[in-house]
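In order, the protein sequences belong to chains A and B.
According to our numbering, the first sequence holds residues 1163 to 1652 in order.
According to our numbering, the second sequence holds residues 22 to 241 in order.
Written out below as structure tokens is the structure these notes cover.
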Amino acid sequence: MAGTLAEKVWDAHIVRRGTDGAPDLLYIDLHLVHEVTSPQAFEGLRLAGRPVRRPDLTIATEDHNTPTLDIDRPIADLTSRTQIQTLRNNAAEFGVRLHSLGDADQGIVHQVGPQLGLTMPGLTVVCGDSHTSTHGAFGALAFGIGTSEVEHVLATQTLPLAPFKTMAITVDGELPKGATSKDIILAIIAKIGTGGGQGYVLEYRGEAIRALSMEARMTICNMSIEAGARAGMIAPDETTFEYLQGRPHAPEGADWDAAVEYWRTLRSDDDAVFDTEVVLRASDLEPFVTWGTNPGQGLPLSSNVPVPSEIADENERVAAERALEYMGLEPGMALRDIAVDTVFIGSCTNGRIEDLRSVAKLVKGRTKADSLRVLVVPSSARVRLQAEAEGLDQIFLDFGAEWRNAGCSMCLGMNPDQLAPGERSASTSNRNFEGRQGKGGRTHLVSPLVAGATAIRGTLSSVADLGPDVEVPDGSPLEGAPAADARQSA
Amino acid sequence: MEKFSQHTGVGVPLRRSNVDTDQIIPAVYLKRVTRTGFEDALFAAWRGDPEFVLNQDAYRSGSVLVAGPDFGTGSSREHAVWALKDYGFRAVLSTRFADIFRGNSGKQGLLAAQVAQEDIELLWKVLEARPGTEVTVDLVAKQARAEDVVVPFEVDDYTRWRLMEGLDDIGLTLKHEGEITEFETTRASWRPLTLPAKHLPPVEVVAARPVLRHGDDALA
Chain A
1163 MAGTLAEKVW DAHIVRRGTD GAPDLLYIDL HLVHEVTSPQ AFEGLRLAGR
1213 PVRRPDLTIA TEDHNTPTLD IDRPIADLTS RTQIQTLRNN AAEFGVRLHS
1263 LGDADQGIVH QVGPQLGLTM PGLTVVCGDS HTSTHGAFGA LAFGIGTSEV
1313 EHVLATQTLP LAPFKTMAIT VDGELPKGAT SKDIILAIIA KIGTGGGQGY
1363 VLEYRGEAIR ALSMEARMTI CNMSIEAGAR AGMIAPDETT FEYLQGRPHA
1413 PEGADWDAAV EYWRTLRSDD DAVFDTEVVL RASDLEPFVT WGTNPGQGLP
1463 LSSNVPVPSE IADENERVAA ERALEYMGLE PGMALRDIAV DTVFIGSCTN
1513 GRIEDLRSVA KLVKGRTKAD SLRVLVVPSS ARVRLQAEAE GLDQIFLDFG
1563 AEWRNAGCSM CLGMNPDQLA PGERSASTSN RNFEGRQGKG GRTHLVSPLV
1613 AGATAIRGTL SSVADLGPDV EVPDGSPLEG APAADARQSA
Chain B
22 MEKFSQHTGV GVPLRRSNVD TDQIIPAVYL KRVTRTGFED ALFAAWRGDP
72 EFVLNQDAYR SGSVLVAGPD FGTGSSREHA VWALKDYGFR AVLSTRFADI
122 FRGNSGKQGL LAAQVAQEDI ELLWKVLEAR PGTEVTVDLV AKQARAEDVV
172 VPFEVDDYTR WRLMEGLDDI GLTLKHEGEI TEFETTRASW RPLTLPAKHL
222 PPVEVVAARP VLRHGDDALA
């Protein structure tokens, strides 16, 4: 029978098929763990006298709480320090591999999996973190889980799950210059809404998706959760295999050949039926920014802040009024006139080497606007090392930005990197919720290119606003930069 | 897990849509390593506002939350469910729930009941007209009742059964341990193992240091 990509991966992991409305029991190939959502799960195991069933399918890293300065000194915040120490104790007690602060393989969990070559097509991947959807870019079925489920996976390496519905999101055509994968996903969320994906696995397809690099695909899948979806997936192809081959945990020799042969079957059949289909034309897209307090409240940068009184739906109108009040914005003002105080470049959405390169190319030889601070936080220590090998750190420092150690940082402000009340950011992260980046902080979600242009001009800007002669940079290495493929060097 | 078949308690009207988990419990409260004691963190940012519904005496002891659509969106943090439960909530009624939140609720014995938006509006009217009105949430009949308003709700059958029986998922799964072990024997050799660990050579990671910004006093 014809099947979708998601159904094929699902079916390959059924340990026990549910009957009479009971869920299927699904095997989990890879379990990623971090310090925030795991302590209560390990405690549950301890109380029940249960071991971790498969430490060899489990890997932990420290990311949410970790400081991005002075990482060689004790963590100043006592509760953060306790939580990180708790993970270290639990990892030691239960035999789980852990990449700690200061280790070259430490970083945001959704960067660590792919860069080690642990994330592969056809896997089931879970983590106590909603942005686990990132790994779907490889054609894995990857989704965030709660702490009770973390405990369940630790104890059994399985999860009881009711099948998801499937939604095909086809992005046809070619992206215009200046628009990126971040703009694609922000436009999708604005179109289907923050609840539009509920109950679905989204499969992104079409020419514009095929043309994207692995890192750009990760950005899209990463934000599937912001549309309410459990997971986002992209069928693996040569781009995927090229990214994977040679990474530390990628299969080798006959295993590699067998894997690729299987991976090539992981695509939705031509006659597969999706529960819902959505189509976007890439050529219509332009740089997108959010104006409100959920990721669905986004618009092209060239437009104006909505006027709530013109919104027909009462719930939406009230939500828009509230959002504008919180964001301190006037209805109808041009989005381009919004001045920001902080530019944050980082997170599991846009803190990868290609993101850093594209911004570095844009800001090279320039000085940031006086009115703002710029924080650059690589998604992992390896990404930071690679960026330094390519000389990106010096470009950012010369620009006037701060160059930090790796972690989740200001995406969610669990460490000292926070917005002050009323402070406004242009952020390459994934959530513009009230208080997300610090109590009272105001967040505009943007692509790395918009972040870079905004850091130069001081107001929300695109590359085009820098002048007609400014080339739109891509994520390739800078001219003259030493070749620093993270697989071979660093 | 405690069995849940019916609960009656003060209904709290929360007229907001898209109540995300950062609103239910801000990230700064996620640093604790215990599973209880999160009641002070619930809606922490809003609790500072005297007008906020839970700051009004009639609703303070509420245990049935009646919220706008798309409740529990955003992060996977189960702390959101723990905070609601620790505060005293036993049920949340909304038109739509985020998937992970709904899953987490089911594991913790918090009922996430899906109610049509027009019925949410009816409940809001009763609860706002007469603050302190109790709502009965009946999992057997799949109904919520407040005074003369009776509205149906949806909850998936499996979650309903587990809530009513008070069953623990891990215990249920481990009954099938033999099947898990058998499945593991079929796992292809290309599928990854995290151990033994493989990675690029260790490299020293230099710590970033704070920079002085203009306006800062030197070494302040």
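Note that the Cβ used here is the ideal one computed from N, Cα and C, for glycine as well.
Look at B:Val102: its C-beta is under 9 Å from a C-beta on chain A. In this structure, A:Ile1350 lies near A:Ile1382, with their beta-carbon atoms less than 9 Å apart.
The beta-carbon distance between A:Asn1466 and A:Leu1442, rounded to whole angstroms, is 22 Å. This is too long to meet the 8 Å contact definition.
Residue-level contact by beta carbon fails for B:Pro34 and chain A, as no gap is shorter than 9 Å. Listed along the chain, the chain B residues whose CB falls inside 7 Å of the CB of A:Thr1309 are Glu99. At a C-beta separation below 9 Å, A:Ser1242 has these neighbours in chain B: Lys52.
Boundaries around A:Pro1322 are those of the beta strand (DSSP E), 1320–1323, since no alpha helix (DSSP H) includes it.
Put simply, the CB of B:Arg68 is far from chain A, with every gap to its CB atoms at 9 Å or more.
By the 16-neighbour rule on beta-carbons within 10 angstroms, B:Val54 is buried.
The beta-carbon of A:Ile1387 is placed less than 9 Å from the nearest beta-carbon of chain B. Proximity of B:Ala112 to chain A, defined by a Cβ-Cβ separation below 9 Å, is not satisfied. Spatial neighbours of A:Val1440 in its own chain (CB-CB distance under 8 Å, excluding positions within 5 residues in sequence) are listed in chain order as Met1329, Ala1330, Ile1331, Thr1332, Ile1350, Lys1353, Ile1354. Pairing B:Ala229 with A:Asp1503 gives a Cβ-Cβ distance that is not under 9 Å. Beyond the five residues adjoining it in sequence on each side, A:Ala1378 comes within less than 6 Å, by CB distance, of Ser1343 in the same chain, given in chain order. Distance between A:Asp1234 and A:Glu1400, taken at the CA atoms: about 40 Å. The Cβ of A:Phe1595 sits closer than 9 Å to at least one Cβ of chain B.
Under the three-state reduction of DSSP output, A:Arg1216 falls in the coil class, being neither helix nor strand. For the pair A:Arg1484 and A:Val1177, the Cα-to-Cα distance works out to about 47 Å.
Interface annotation for the region 1311–1329 of chain A against chain B: Glu1311, Glu1313, His1314, Ala1317, Thr1318, Gln1319, Thr1320, Pro1322, Ala1324, criterion Cβ-Cβ distance under 8 Å.
As for any beta strand (DSSP E) of minimum length 3 sitting wholly inside the region 1547–1626 of chain A, the runs are 1586–1589, 1604–1607, ordered along the chain. Straight through space, the alpha carbons of A:Arg1429 and A:Cys1570 are spaced by roughly 32 Å. Within its own chain, the residues whose Cβ lies closer than 8 Å to the Cβ of A:Val1539, once the five positions on either side in sequence are excluded, are Thr1230, Phe1506, Ile1507, Gly1508, Ser1509, Gly1513, Arg1566, Asn1567, Ala1568, Gly1569, Ser1571, Met1572, Asp1579, listed in chain order. In the assembly as shown, B:Gln27 is an exposed residue. Its beta-carbon has fewer than 16 other beta-carbons within 10 Å.
For the 9 Å CB-CB criterion, A:Thr1296 and A:Pro1276 form a contact. In this structure, A:Ala1391 keeps its C-beta atom at 9 Å or more from the C-beta atom of A:Leu1337.
The DSSP-derived three-state label of B:Lys146 is helix. Distance check between B:Leu214 and each of A:Gly1603, A:Gly1394, A:Ala1412, A:Ser1386 places A:Ala1412 closest, using alpha-carbon atoms only. Taking 9 Å as the CB threshold, B:Val161 stays off the interface with chain A. Taking C-beta separations shorter than 6 Å and ignoring five residues to either side along the sequence, the partners of B:Thr157 in its chain run Thr29, Arg166, following chain order. For the region 22–46 of chain B, the beta-carbon criterion of a distance under 7 Å to any beta-carbon of chain A is satisfied by Ser38, Asn39, Asp41, Asp43, Gln44. Close to chain A, meaning a Cβ-Cβ distance shorter than 7 Å, are the following residues of the region 123–139 of chain B: Gly124, Asn125, Lys128, Gln129. For B:Leu132, the enclosing beta strand (DSSP E) has its first and last residue at 132–135. Interface with chain B (9 Å Cβ-Cβ cutoff): A:Gln1202 is included.
Residue pairing by DSSP places A:Ser1542 opposite A:Gly1269 in a beta bridge. Note that the C-beta distance between A:Gly1614 and A:Ala1582 is not below 9 Å. Closest in C-alpha terms to A:Pro1462, from the list A:His1196, A:Ala1341, A:Gly1642, comes A:Ala1341.
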